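Notes to accompany the following structure.
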Amino acid sequence: MHLKQWLNDESHDDRLTANYSFAFLDEGTKREIRRKILKAIAIPGYQVPFGSREMPIARGWGTGGLQITLSIIGPRDILKVIDQGADDSVNAVNIGRFVNRVTGVSLTTDTADASIIQTRHRIPEEPLSEEQVLVLQVPIPEVLRTIEPSEKETRRMHAEADYSAMWLYLYEDIIKYREISIGSRYPVTVNHRYIMDPSPIPRWDISKLQMAKNLFIFCAGREKRIYAIPPYTEVRPLEFEDHKFRVEDFKGAVCSRCGSTNTYLDEIVENENGMRTYSCSDTAYCAKAALRKQQ
Amino acid sequence: MKPMDHEIQTQQVFRTIMRAMGYPGTIHRLLNHPSHKTRTSSLQLVAETLFDQDVTFCVIGDQGMRELEDILHKLTNCPVTEPSLADFLVMTSPASGGKLLTAKTGIPEYPDHGATVLFSVESLADGSASDFLVRLTGPGILGEKYIQIQGLDREELCHLRELNSGYPLGIDSIFIDQQGCIMCIPRTAKIQLR
Amino acid sequence: MDDKSLARLRRLLPLEEISVTKAPETGLIMMTARDCYDTDFCLGEILVTIAETQIENAKGYSMVLGDNPRKAIISASLDAIFNGNDAKLQAKIIRCLRAIDKRHKNQQRTESLLPSSTRVQFDAMPEG
Amino acid sequence: MAYVAVKGGKVAIEKAAKCMEYERIKGASSPLEVEQIKDQLSLLVDRVMGEGSLYAPDLAALAIKQSSGDMLESAFILRAYRTTQPRLGFTLPGQAGEMRIMRRISAAFKDIPGGQVLGPTPDYSLRLMDFDLFEDSHKRRQEFIQSLFRDICEIDEMPENFPKIVELLRKENLLEERDRKGSSDLRVDDVTRGSLTFPASRSVSLQSMARGETGGMLLLAYSNMRGYGNVHPTVGELRVGFMPVNILHPYTREAYAVGEIKVTEAEIISQSKTSEGTPKFTLGYGLCFGHNEVKAISMAVLDRATQADESKAPSEDQEFVLSHIDGIESMGFCNHFKLPHYVTFQSSLDRIRKTQEVWDAPEAVVE
Chain Y
21 MHLKQWLNDE SHDDRLTANY SFAFLDEGTK REIRRKILKA IAIPGYQVPF
71 GSREMPIARG WGTGGLQITL SIIGPRDILK VIDQGADDSV NAVNIGRFVN
121 RVTGVSLTTD TADASIIQTR HRIPEEPLSE EQVLVLQVPI PEVLRTIEPS
171 EKETRRMHAE ADYSAMWLYL YEDIIKYREI SIGSRYPVTV NHRYIMDPSP
221 IPRWDISKLQ MAKNLFIFCA GREKRIYAIP PYTEVRPLEF EDHKFRVEDF
271 KGAVCSRCGS TNTYLDEIVE NENGMRTYSC SDTAYCAKAA LRKQQ
Chain E
905 MKPMDHEIQT QQVFRTIMRA MGYPGTIHRL LNHPSHKTRT SSLQLVAETL
955 FDQDVTFCVI GDQGMRELED ILHKLTNCPV TEPSLADFLV MTSPASGGKL
1005 LTAKTGIPEY PDHGATVLFS VESLADGSAS DFLVRLTGPG ILGEKYIQIQ
1055 GLDREELCHL RELNSGYPLG IDSIFIDQQG CIMCIPRTAK IQLR
Chain P
58 MDDKSLARLR RLLPLEEISV TKAPETGLIM MTARDCYDTD FCLGEILVTI
108 AETQIENAKG YSMVLGDNPR KAIISASLDA IFNGNDAKLQ AKIIRCLRAI
158 DKRHKNQQRT ESLLPSSTRV QFDAMPEG
Chain L
8 MAYVAVKGGK VAIEKAAKCM EYERIKGASS PLEVEQIKDQ LSLLVDRVMG
58 EGSLYAPDLA ALAIKQSSGD MLESAFILRA YRTTQPRLGF TLPGQAGEMR
108 IMRRISAAFK DIPGGQVLGP TPDYSLRLMD FDLFEDSHKR RQEFIQSLFR
158 DICEIDEMPE NFPKIVELLR KENLLEERDR KGSSDLRVDD VTRGSLTFPA
208 SRSVSLQSMA RGETGGMLLL AYSNMRGYGN VHPTVGELRV GFMPVNILHP
258 YTREAYAVGE IKVTEAEIIS QSKTSEGTPK FTLGYGLCFG HNEVKAISMA
308 VLDRATQADE SKAPSEDQEF VLSHIDGIES MGFCNHFKLP HYVTFQSSLD
358 RIRKTQEVWD APEAVVE
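Top to bottom, those sequences are chains Y, E, P and L.
Mapping the first sequence onto this note's numbering, position 183 (from 1) lands on 203, and the numbers just tick up by one.
Mapping the second sequence onto this note's numbering, position 8 (from 1) lands on 912, and the numbers just tick up by one.
Mapping the third sequence onto this note's numbering, position 48 (from 1) lands on 105, and the numbers just tick up by one.
Mapping the fourth sequence onto this note's numbering, position 231 (from 1) lands on 238, and the numbers just tick up by one.
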């Protein structure tokens, strides 16, 4: 183009800065995150530091998961976003809307239809396939942070696979409570090497990590760490011979909506007398099950 | 919003590499474009997807290695360095003359500093229990995986095994063949050679 | 550089001979600074606009502060002219730039007189 | 029938954003122009650019308008914007010695070469309400400016360059130089492209503080000044002015001037604590975008404090300081506790109920 032509084009009076690129992130950012994802896959459970970028949602609200999603997503993907298992949770809706706006990809609530699922605090009840990637938002990636505040020290512990302090912590927990008192964020050993924080998923979901067909990518935006569990990988919760890992016990409670007895349930306080009902935390699964029941 | 073709192309290439890294030993076509078949163009696609000014690379090969270095540098703005410092090694000849052994394998605190090696080979194919060059087991592999690799000396695979013997230290490999297919062997994969 | 100066420069450019090889784009340049121990560090990024042009074989490049595509493209054109061999055109542009620069310097000088007026004046007392 | 919340989030989100927008525009006053914010709230713009880590006055002013003046939100919008823009490279290292000075003072010496230049500062004015500003008019402003420039010709011109005070001390061999790096060819670490790891290099430490939140840095620096630390700073030199921005021209490989940006620089002097050898001074360095003296001085104090061989106070612990001064991160994490946590809460409930059960059960059953 000649300069004259360029200068005469009035559209060039507009601000250049008002345009966003495909998937929001600039290409350099995507390249860095992509490189780090590959390293995370190659060293299962190891936390790869990365230069987490500031996203238009606040740190702690899923910026890590969002950066992963935006770095891997293409126009043909179908995205599902959930928070606490629900598709319609406000933060999930907000993230889904944003990704749709900057990529144009379609959104779904059906777990089986999605090629990428971004989630906070849950793994869907429906088993995933080799064609799917689960992206988990992580608030605190360092599994050893509870027992050791210094990053320098936890790095050393991981480097030397020196996990005695973690085992001691669990042991003392049992002495104190006669049970392991950890609720969610239950530590797991990945590929017989690294102890890893599976993000604040309930213990109920831990077994879904073991020898899964799909890839799991975890990302903490604020703490700037990416880690992964490849498909078909050994993932074991920490436990003792005489104190086994146990999942949440709903004592035979049934989902009031679909009647499921084999899902993770939300406990709903109905009135001041403390009357409780239960419903599936995974709302998409619940909707499918309810439909099946009707038919 | 209409995405730029180039952005979409590198996204697709990345997803293929990610898939290959997640499922070691599986062979994937880089792009479904017939035009991306030559050796250099497949290498270029991978380089464009992963290289930039924030990392370094180095080509190990015989003839044409300087030219290739030049092409990749111009394409990606990625600085060239020596094999022992490079984040990415590009191997274009069947033998490295031991240079591969100098690759970075990371340090215990940061094993991710280990290099990624792009092996440019003749061809990749699935093998079988009776007919294979490499047998892989480990994360990402359900049971075991048999591979045939043409155009790479057996010794280099021995080097690879040696480099990855101190897990989690090690290097991660991406094999790219002349038909535009790729296959990955991350450091977690146990390599058995025939 | 204000709009008026840009317009003046634009009139001197051989518009039809200049081709836009890279249309203006915004981006970030990382500002580095050197501390009191001679350590260079990243201070923060600056929003800039870049552009590239060409006249015959001479390439021109520019980077200007802020989101300013028109200034970027004219600066790149000037750069191309100074990387070329048209001495007559160069001289004409230098004259224009000098005038613009003079006005700019004058303005800066006047502005700097204000802080200068806040300089604390210590009067030396004769000793003893 | 039990009420189960499954749908409705989408509509609520859209309405909530609109509610916020309504709060911003519902007043009867005329719309605020971005230019007005840039010109008349320039210190706010400076602070937002510093904490947003992006020098772009127009965009900073826009962010301030958009966020109804919430400083953390504005800096956040600016930071997030960076993510969409390509990185074009690095400038040549800017040198404070080459600054075009607006203000420059030293607390260490009464008179200094080049003189004390007070420049624009509220330091020596009384913090009395100026009720005249209720009736701020163009006319009043013009008159003020005219009177200010009336006698300007009689004023001596500013020197082109001011010598650095710490260089005077350096020449006398009064400075400890253990942190002095030999050359500038060392690759500059960039924390926005990696992640903060410890111990952090000097360049990473300075960068993290340059983008830190003023209030957080002041708090930590103040704790040190008050006694939880041992820096006892003297402001060797404080400069406010314009620093030239130069890059290497991609074709000619010569220095190319892009423009200049406003920065604040502080160098604090502190007595060295090392027991060996002759006592010397050590330095702390602060530099930030825009005019923000509290931040530059706090940064210099923290720079000095985190050089301590062993940390005896939070402000002397590099990891503690650098991990907690980022406004965008701390604000985000604080706000995230508003997100639903009922899955994890359910999990905790289960554990507490279970442990209670175990405790209440007879011992024999437990074993």
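Where a beta carbon is used, it is the ideal one built from N, C-alpha and C, also for glycine.
Because the structure is a prediction, the values reported are computed rather than measured.
Within the segment 296 to 353 of chain L, the complete alpha helix (DSSP H) segments at least 4 residues long are 300 to 312, 325 to 331, 334 to 343, listed from N- to C-terminus. In the structure shown, the three-state DSSP call for cysteine 275(Y) is coil. Straight through space, the alpha carbons of alanine 38(Y) and aspartate 956(E) are spaced by roughly 26 angstroms. DSSP, read as helix, strand or coil, puts phenylalanine 249(L) in strand. Excluding five sequence positions before and after phenylalanine 236(Y), the CB atoms of its chain that fall closer than 7 angstroms to its own CB belong to Leu154, Leu156, Leu229, Ala248, Ile249, given in chain order.
Assignment of alpha helix (DSSP H) within the segment 1029 to 1078 of chain E, counting only whole runs of 4 or more residues, yields 1058 to 1067 in chain order. Only buried fits tryptophan 224(Y), as 16 or more other CB atoms lie within 10 angstroms of its CB. For tyrosine 298(Y), the enclosing beta strand (DSSP E) stretches over residues 296 to 300. Exclusion of the five residues before and after leucine 66(L) leaves Leu85, Tyr88 as the residues of its chain whose Cβ lies within less than 8 angstroms of its Cβ. Distance from the CA of methionine 120(P) to the CA of serine 91(Y), rounded to the nearest whole angstrom, comes to 29 angstroms. Within the DSSP secondary-structure output, histidine 22(Y) pairs in a beta bridge with Ser76(P).
In this structure, the CA atom of glutamate 261(L) is about 5 angstroms from the CA atom of leucine 255(L).
The Cβ atoms of leucine 95(L) and leucine 171(P) lie no closer than 9 angstroms to each other. Under a criterion of Cβ atoms nearer than 8 angstroms, the residues of chain P adjacent to threonine 37(Y) are, in order, Thr83, Leu104, Asp124. Listed as beta-bridge partners of histidine 932(E) by DSSP are Ile1086(E). Burial check for phenylalanine 98(P): the Cβ neighbour count within 10 Å reaches 16 or more, so the residue is buried. Under DSSP, the beta-bridge partners assigned to arginine 94(L) are Leu85(P). For lysine 233(Y), no beta strand (DSSP E) encloses it, and the DSSP letter there is neither H nor E.
Counting C-beta pairs with one atom in each stretch, the segment 168 to 177 of chain L and the segment 63 to 80 of chain P have fewer than three that are closer than 8 angstroms, which means they do not touch.
Residue pairing from DSSP places arginine 245(Y) in a beta bridge opposite Pro69(Y), Ala240(Y).
In the structure shown, the three-state DSSP call for leucine 1004(E) is helix. For aspartate 958(E), the residues of chain L that pass the 8 angstroms Cβ criterion are Arg200, in the order they occur in the chain. Isoleucine 107(P) is bridged by DSSP to Glu82(P), Met120(P). Going by C-alpha positions, leucine 1046(E) is about 21 angstroms away from serine 135(Y).
Annotation for glutamine 1096(E): the continuous beta strand (DSSP E) segment containing it runs 1094 to 1097.
Secondary structure in the segment 963 to 1015 of chain E: the beta strand (DSSP E) runs of 3 residues or longer, each lying completely within the stretch, are 992 to 995 in chain order. Scanning the segment 120 to 182 of chain L from its first residue to its last, the whole alpha helix (DSSP H) runs of 4-plus residues come out as 145 to 156, 172 to 178.
Using a Cβ distance threshold of 9 angstroms, serine 946(E) and isoleucine 1051(E) do not count as a contacting pair. Here the C-alpha atom of tryptophan 26(Y) lies approximately 32 angstroms from the C-alpha atom of methionine 56(L).
The DSSP-derived three-state label of tyrosine 292(L) is strand. The Cβ atoms of asparagine 1068(E) and alanine 1033(E) lie no closer than 9 angstroms to each other. Assignment of leucine 213(L) by DSSP, reduced to helix, strand and coil, places it in the helix class. A residue is called buried when at least 16 other Cβ atoms come within 10 angstroms of its Cβ; proline 127(L) does not meet this threshold and is exposed. Comparing alpha-carbon positions, the option among Thr996(E), Asp991(E), Gln915(E), Ala999(E) lying closest to threonine 1020(E) turns out to be Asp991(E). Taking the Cβ atoms as the reference, aspartate 92(P) lies roughly 30 angstroms from tyrosine 118(P), outside the contact range of under 8 angstroms. Nearest C-alpha to methionine 88(P) among Ser210(L), Ala307(L), Asp324(L), Leu309(L): Ser210(L).
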